[in-house]
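2 protein chains.
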Amino acid sequence: MKSYLKMSRKELEELKEQLTKEYREFQGKNLSLDMSRGKPSAEQLDLTMPMMDVLNSKSDLIASDGIDCRNYGDLNGIYEARKLMADVMGVAPEYVAVYGSSSLNIMYDTVCRAVVHGIMGSTPWSKLEKVKFLCPAPGYDRHFALTESFGIELIPVEMTPTGPDMDVVEKYVNNDETVKGIWCVPKYSNPTGVTYSDETVRRFAALHPKAADFRIYWDNAYAVHDLYEDDQDELLNIFEECKKVGKVDMVYGFASTSKVTFSGGGLAAIAASANNMEDIKKDLSLQTICFDKINQLRHARYLKDVETLKQHMKKHAAIIRPKFEAVLNALNKELSGAEIGSWTTPKGGYFISFNALEGCATEIVKKAKEAGVKLTGAGATYPYKKDPKDSNIRIAPTYPSVEELKQAVELFVLCVKLTSVEKLLENENELQKGA
Amino acid sequence: MKSYLKMSRKELEELKEQLTKEYREFQGKNLSLDMSRGKPSAEQLDLTMPMMDVLNSKSDLIASDGIDCRNYGDLNGIYEARKLMADVMGVAPEYVAVYGSSSLNIMYDTVCRAVVHGIMGSTPWSKLEKVKFLCPAPGYDRHFALTESFGIELIPVEMTPTGPDMDVVEKYVNNDETVKGIWCVPKYSNPTGVTYSDETVRRFAALHPKAADFRIYWDNAYAVHDLYEDDQDELLNIFEECKKVGKVDMVYGFASTSKVTFSGGGLAAIAASANNMEDIKKDLSLQTICFDKINQLRHARYLKDVETLKQHMKKHAAIIRPKFEAVLNALNKELSGAEIGSWTTPKGGYFISFNALEGCATEIVKKAKEAGVKLTGAGATYPYKKDPKDSNIRIAPTYPSVEELKQAVELFVLCVKLTSVEKLLENENELQKGA
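Line order of the protein sequences matches chains A and B. Residues in the first sequence are numbered from 1 upward in steps of one, following my numbering. Residues in the second sequence are numbered from 1001 upward in steps of one, following my numbering.
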């Protein structure tokens, strides 16, 4: 395909006319498709239906540690559920509390606790003039919104193919006492699909935070969410790396089964050192008596162990792989060589990250919406929803069917092309005015 | 029985000798019983086992509003679960959000939100010099501990047979801007069993709080927890009373099915006005994507409606009524006329509240513990765990079997008698010294 950047004004104008015509045709189709959120499809959720039979009225609802799951007690969660989530997170079960159904809720509570009560005796953040969080970007919008709601200043850090720009991370963390945390999705990152390199993880472990209450918020949301059996990313275990250098208090780990079993009805867990866990439990014991242990038992008995869980994840992969491929094929076919966008080819996770020409993302999302395809809002992947280049768009291919996706991505590439042509013509007009 | 207060020194000393002998015999029995927490017994939990069959792999997990309960979405909870909890709480379903499994957790979050973000635009409590909560006492220890953890000052208000002393409540709420809330368990109150009278509820609705962000924290934990079919307390609906006087924003209501279905594995809900709900949802949407809707659906399909739920509660009553009666019979038989204690005869809820002679509660609990019966810590029912009279002891009769309870209460009355005799002798010694 010819590069749009090398087209003459006349070529661009002709192309614009053609693309506008195609776009109008799309508008007549009354599409209503959604590529905006990382939700599993109904077909994926069907995979877990046998879990509904695991516990029934004839079941023994006594956990392996002798606790009756139907009654109060066991704030940290039953052993078999902790063991399962610990294996997913690569830590010992005693480091893990299974804590409701939503890892986002655990992260919210963890930040909130630091704001109100402080971490391990440090000053509560609400009493400090300024608190900053590093936000590798593009990243997960809900992480950013959560910290923003507490008045925490969000500092964007550029994502590279090996993880966040660690030079910038080190400079901030090791020198600035107001930097109290960094949001990380270290494997199949949202939305870039990047898995942090071994060197990046080691550099995280080697941080010397200026603030004693600095923590790495390690949201391992896609720990077991590989797309391919024979080509998987391996993430170095940050708890082990931190332990080697005596800094195991520096990390909070988070994970859930929301994209393993049922979304919002799964298990969520926190992994933290003994010191951190003691600190957390002090407040947690005021917050609730216990979490739903019946759902914990149901999960533990159904998923059995991390190996069985990984077999289960292969079935998810078989469903969503063709969806990723449908999007990627269309992008490759329609945009390769056009030099109006670049995109990631992830080996796992839930997203494809697309970078348009500067200044085009908002308009692409708008055009797609007006023709019936909902995309994540432009800018959503950046702190304060401000993408400095107005370039990044997150594509979530898991929820629609392959057929729907093919339509949606056809419209998407059309919107990319049309917006890019308009932009290039606009740039040329401005150049002429300037000349 | 002869009043202990009328016994001569010699009589008391003889009695002490006899009681000490009996107490030593008890110590030899190696009892290990627990009357400390309001937990249902295994037999009660068995009542809900059929709920485990309601959803299975062949089920339709689509809620009445068309939402797939297996996926993300519906932050407020599915309609049928909200309707059920709304009927329990006596409000319209649009006032209700079903919010996890733990009403304590909702209360914690509600207070925390006010501390961090403020209520409907008011100054966050963390920015105020002083925040006070009124604490009807004796009351629920976890309420008090929760607010204490945020540095909120706890003001005890005396419980009367019709509810908190409303003269004191009115004086504080209507005049002191730092008073931001009051904890209420309005029906079958923990631990006194008192249900607030109609006049008390009306006086609550008629409050003119000095603080715009004052709220009544109305924990209707025992809304449907009657012991007798033919003798039940009726609680006036505070939402309706507040609506009549245009103050529906003044109340947050809380309830759960922890003592209806499974403890810690049930449904918890908040009821609040449209304004309050909007205010809550603003933060809640940052906190989590949704709660476990599968458990909501399971409950809604099993419990069906509030009438079916009340039938279910009759089965609970049939199990725990004999336990309350075992305790009350022993207290009546062993302590009537002795003038060394008074106790409540509740028509519902989970507790019997016992008042010993002043200065005796700590010693009674200690003696019981040393002979193998665990009671709620003396003082626990008061703010800061300080019972000014060291008199109140909460008895929780639901968890042990009737046989165990009979033993436990036999020891309990013995400890009451022995401690009282020791106290009376001590008082006499002091009087003599003074003379």
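The beta-carbon is built from N, C-alpha and C at its ideal position, and this holds for glycine as well. Bear in mind the structure is a predicted one, so any value in this text is a computation, not a measurement.
Residue-level contact to chain A via CB, residue i, 8 Å cutoff
i        : result
Y1023(B) : no
A1380(B) : no
Q1287(B) : yes
I1294(B) : yes
A1145(B) : yes
S998(B)  : No information on residue 998(B) is available, as it lies outside the stretch 1001 to 1435 that chain B covers here.
L1045(B) : yes
D1141(B) : no
S1008(B) : no
S1401(B) : no
F1262(B) : yes
S1189(B) : no
G1100(B) : yes
For residue i, the three-state DSSP class (helix, strand or coil)
i        : result
N76(A)   : coil
L47(A)   : coil
N1237(B) : coil
S342(A)  : strand
R1202(B) : helix
P1383(B) : helix
R1447(B) : Absent from the structure is residue 1447(B), since the part of chain B shown begins at 1001 and ends at 1435.
M1251(B) : The displayed chain sequence assigns Val, not Met, to residue 1251(B). Here V1251(B) sits in strand by DSSP.
K374(A)  : strand
C184(A)  : strand
K423(A)  : helix
E1177(B) : coil
Residue burial classification, residue i (beta-carbon count within 10 angstroms, cutoff 16)
i        : result
M1(A)    : exposed
Q27(A)   : exposed
R1142(B) : buried
L431(A)  : exposed
T398(A)  : buried
R1009(B) : exposed
N1329(B) : exposed
R298(A)  : buried
Y1172(B) : buried
R1024(B) : exposed
S3(A)    : exposed
K1323(B) : buried
P1040(B) : buried
D1233(B) : buried
Y252(A)  : buried
D198(A)  : exposed
P161(A)  : exposed
Supposed close pair residue i, residue j - CB separation, criterion 8 Å
i        : j        : result
D1219(B) : V1185(B) : 5 Å
G1266(B) : S1273(B) : With 8 Å as the limit, G1266(B) and S1273(B) do not qualify as a contact, their Cβ atoms being about 24 Å apart.
Y1099(B) : M1277(B) : The pair is not a contact, with the Cβ atoms about 11 Å apart (cut-off 8 Å).
R1203(B) : E1170(B) : 7 Å
L33(A)   : K374(A)  : 7 Å
L1357(B) : V1413(B) : That belief does not hold up - the Cβ atoms of L1357(B) and V1413(B) are roughly 14 Å apart, past 8 Å.
V1088(B) : L1309(B) : 7 Å
Residue i: contacting residues in chain B (beta-carbon distance under 9 Å)
i       : result
P40(A)  : R1070, N1071 and Y1072
D279(A) : Within chain B, no residue comes near D279(A); the closest Cβ sits about 13 Å away, beyond 9 Å.
C-beta neighbour in chain E for residue i, strict 8 Å
i        : result
S1122(B) : Annotation note: the requested chain E is absent from the structure, which comprises protein chains A and B.
Contact with chain B by residue i, beta-carbon distance below 8 Å
i       : result
P50(A)  : yes
I78(A)  : no
G265(A) : yes
L104(A) : yes
N220(A) : no
F133(A) : no
Residues that residue i contacts on chain A, provided the C-beta gap is smaller than 7 Å
i        : result
N1056(B) : M52 and D53
Chain B contact residues for residue i, given Cβ-Cβ distances below 8 Å
i       : result
Y452(A) : The structure shown has nothing for residue 452(A), since chain A only spans 1 to 435.
A116(A) : The sequence given here has Val at residue 116(A), not Ala. Chain B residues near V116(A): C1112, V1115, V1116, S1126 and F1150.
F291(A) : S1101, S1102 and G1264
Chain-ordered neighbours of residue i on chain A, where CB pairs are closer than 8 Å
i        : result
D1283(B) : S149
Interface partners of residue i on chain A, CB under 9 Å
i        : result
T1181(B) : Looking at the sequence itself, residue 1181(B) is Gly, so the reference to Thr does not match. In chain order: nothing, as chain A lies at least about 16 Å away.
S1506(B) : Given that chain B is displayed from residue 1001 to residue 1435, the structure contains no residue 1506(B) and the question cannot be resolved.
Within chain B, the residues that residue i reaches when beta carbons sit closer than 7 Å
i       : result
F354(A) : Chain B residues near F354(A): none, gap ~23 Å exceeds 7 Å.
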